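For the sequence shown, the UniProt record's numbering assigns the number 1 to the initial residue and increments by one for each residue that follows. Structure first, then comments.
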Amino acid sequence: MLASTSSAAATAAITTHTNTNASCARRRNFSSDVQHHQRKRNTNNSEFRRQRRQKRRNNGDSTLFVTRAESGGFGDGITNNGLTREISEDVDTVLLDCDGVIWHGDALVPGAKKAVDYLRETLQKRVFFVTNNATKTREYYQWKFSELGMEVDVNHIYTAAFASASYLSAIGFNNTHGSTTTKDGSSSSNKKIYVVGEQGLVRELEECDVGDIVGGVYEAVSCTSSDWEEMHEWTGGDAENDHDDDSRVDAVVVGQDTSFTFAKLAYASYLIQKGAKFIATNPDAGDRLGKEKLLMPGAGPIVKAIETASGRAPDVICGKPGKYMFDAIMSHSHGDPQRTMVIGDRMDTDVKFGKDNGARYSVLVLTGANKMKDVEENEDESKQPSFVVGSLAEACGIPFDPNEPTQRVGERANMAKNYPVGDGTVHDLWASGDDDMDDDDDDYDDDDFIPAT
Numbered sequence: 001m002l003a004s005t006s007s008a009a010a011t012a013a014i015t016t017h018t019n020t021n022a023s024c025a026r027r028r029n030f031s032s033d034v035q036h037h038q039r040k041r042n043t044n045n046s047e048f049r050r051q052r053r054q055k056r057r058n059n060g061d062s063t064l065f066v067t068r069a070e071s072g073g074f075g076d077g078i079t080n081n082g083l084t085r086e087i088s089e090d091v092d093t094v095l096l097d098c099d100g101v102i103w104h105g106d107a108l109v110p111g112a113k114k115a116v117d118y119l120r121e122t123l124q125k126r127v128f129f130v131t132n133n134a135t136k137t138r139e140y141y142q143w144k145f146s147e148l149g150m151e152v153d154v155n156h157i158y159t160a161a162f163a164s165a166s167y168l169s170a171i172g173f174n175n176t177h178g179s180t181t182t183k184d185g186s187s188s189s190n191k192k193i194y195v196v197g198e199q200g201l202v203r204e205l206e207e208c209d210v211g212d213i214v215g216g217v218y219e220a221v222s223c224t225s226s227d228w229e230e231m232h233e234w235t236g237g238d239a240e241n242d243h244d245d246d247s248r249v250d251a252v253v254v255g256q257d258t259s260f261t262f263a264k265l266a267y268a269s270y271l272i273q274k275g276a277k278f279i280a281t282n283p284d285a286g287d288r289l290g291k292e293k294l295l296m297p298g299a300g301p302i303v304k305a306i307e308t309a310s311g312r313a314p315d316v317i318c319g320k321p322g323k324y325m326f327d328a329i330m331s332h333s334h335g336d337p338q339r340t341m342v343i344g345d346r347m348d349t350d351v352k353f354g355k356d357n358g359a360r361y362s363v364l365v366l367t368g369a370n371k372m373k374d375v376e377e378n379e380d381e382s383k384q385p386s387f388v389v390g391s392l393a394e395a396c397g398i399p400f401d402p403n404e405p406t407q408r409v410g411e412r413a414n415m416a417k418n419y420p421v422g423d424g425t426v427h428d429l430w431a432s433g434d435d436d437m438d439d440d441d442d443d444y445d446d447d448d449f450i451p452a453t
């Protein structure tokens, strides 16, 4: 952690005088002295960032600021080669976050495509794209990559929505396509799933064929005590009779839902109290949007609301930083955590994802949510990155020009009408609650990150 240097508080003795003019003059001098020391204290607190910016300007090239966070202190690792030695010698698999690392909304982060090409083609690394956005299908992201000039196998894309579907499949949620008869003669039908989330999450669950998506009172805009009693009747009444009732819901899957209502909260918490599995896609608090970077709620607050209402924590968090997604990727790629590097822009999800699951390196890039000041102030070892770099391009030793022409995803008017959700049909982008459509998704902060020129 970077120790903050503080100046001694300014002191001044103001002697009482009968002369009013002299007294006012002394007060003015005292005020000026205090302001001077306040400016000095603020200057000392930002000393590290000023020195770093000056070093970058003096070098006049693509000098990369890289730091081993665990070594204590910052500013020791100035290099033009990024993390190329660590990547080429110590790593076989690279897990890349998407928003804030590869793109901002519908625009590529400068140098990101070159970095991905370098990792996949030059270094021949296994690269997987891992996002906690559970509002879209993998097919949507495959299309988005293609629009940005990158061809990506859909099996190399992991979303929190897909991880949730994969988890349900792993624990026995697989459609039988109609009722079957078990050995004891009883009827066995498909598992039933209630979803709090966007259409992309529903589509991913349907694509993976893990169960029947059920509806009911969740469509209401309110929920009273009488509605609660109706839910009790609709879901089978007494708990001991639930196993014989076709209306029993087996799992509640909770993700980002821009149409979240009290009725959904009540219904989801009711089903969880009745014994349904509680599956959370991801715990993200939200995204800082707009010029003031105010926090727009994400899936995390919705998950917490249902946890509070039901009195039960999620049985599993399928996305980052949870264990399930990491293990699934390692299994799919035959990877070794100790030969894996995680690169992302969030300390609480991306960095923690790597640290909690034993990855060799957890790298924070400064082109997204977290900045250097967050690293300096962090006291949670599980969120402390192995390295901090300016961008994905700089991590790969590729010159980073923030002014280079950026590639975007099509025309917004066309994009709003034509993108795949997962079944080949066309859906309205605006109705999907896409948080990638924000025009003010510029996360560069001159106080924390000065791109090389």
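The beta carbon of each residue, even a glycine, is placed where N, CA and C say it ideally should be. Values in this document were obtained by computation on a predicted structure and should not be read as measured data.
Taking all protein chains in view, the Cβ of K277 is crowded by 16 or more other Cβ atoms within 10 Å, so the residue is classified as buried. In this structure, the straight-line span from the alpha carbon of V214 to that of T367 is close to 40 Å.
About 5 Å separates the Cβ atoms of V252 and A268, confirming a contact at the 8 Å cut-off.
By the Cβ neighbour-count rule, A395 is buried, with 16 or more other Cβ atoms within 10 Å of its own.
Comparing C-alpha distances from T406 to each of D90, G105, V254 and V91 shows the shortest one belongs to G105. In the three-state reduction of the DSSP assignment, P337 falls in the helix class. Pairing K304 with D99, the inter-Cα distance amounts to about 23 Å.
The distance from the Cβ of I317 to that of A280 is about 5 Å, consistent with a contact at the 8 Å cut-off. Under the three-pair Cβ rule at 8 Å, the region 336 to 352 counts as touching the region 370 to 390. Here K291 is exposed: its Cβ has fewer than 16 other Cβ atoms, across all protein chains shown, within 10 Å. As for any alpha helix (DSSP H) of minimum length 4 sitting wholly inside the region 121 to 195, the runs are 138 to 147 and 160 to 170, ordered along the chain. In the three-state DSSP reduction, A299 falls in the helix class (H, G or I).
With fewer than 16 other Cβ atoms from the protein chains shown falling within 10 Å of its own Cβ, M296 counts as exposed.
Nearest to Y324 by C-alpha distance, out of I171, K293, E206 and Y141, is I171.
When the beta-carbon positions are compared, F326 and N357 come within less than 9 Å of each other. In the three-state reduction of the DSSP assignment, L366 falls in the coil class, being assigned neither a helical nor a strand state. With contacts defined as CB atoms closer than 9 Å, P399 and G111 qualify as a contacting pair. In terms of Cα proximity to S146, the closest of Y167, W103 and N132 is W103. Taking C-beta separations shorter than 8 Å and ignoring five residues to either side along the sequence, the partners of L168 in its chain run K191, I193, L205, C208, V210, G211, A251, V253 and I279, following chain order.
Between T93 and G354, the beta carbon gap of about 11 Å keeps them out of contact (Cβ cut-off 8 Å). Assignment of beta strand (DSSP E) within the region 273 to 330, counting only whole runs of 3 or more residues, yields 277 to 280, 286 to 289 and 294 to 297 in chain order. Taking C-alpha positions only, A299 is separated from L392 by approximately 26 Å. Comparing alpha carbon positions, the residue from K114, D284 and L119 closest to M341 is L119. For A163 and D284, the gap between their C-alpha atoms comes out near 15 Å. When DSSP states are grouped into helix, strand and coil, I398 belongs to the coil group. Taking the Cα positions, Y361 is about 13 Å away from V389.
Taking C-alpha positions only, P301 is separated from I272 by approximately 17 Å.
By the Cβ rule, the region 379 to 386 does not count as touching the region 114 to 128, because fewer than three pairs are nearer than 8 Å. The beta-carbon distance between V196 and D257, rounded to whole angstroms, is 5 Å. This is short enough to meet the 8 Å contact definition.
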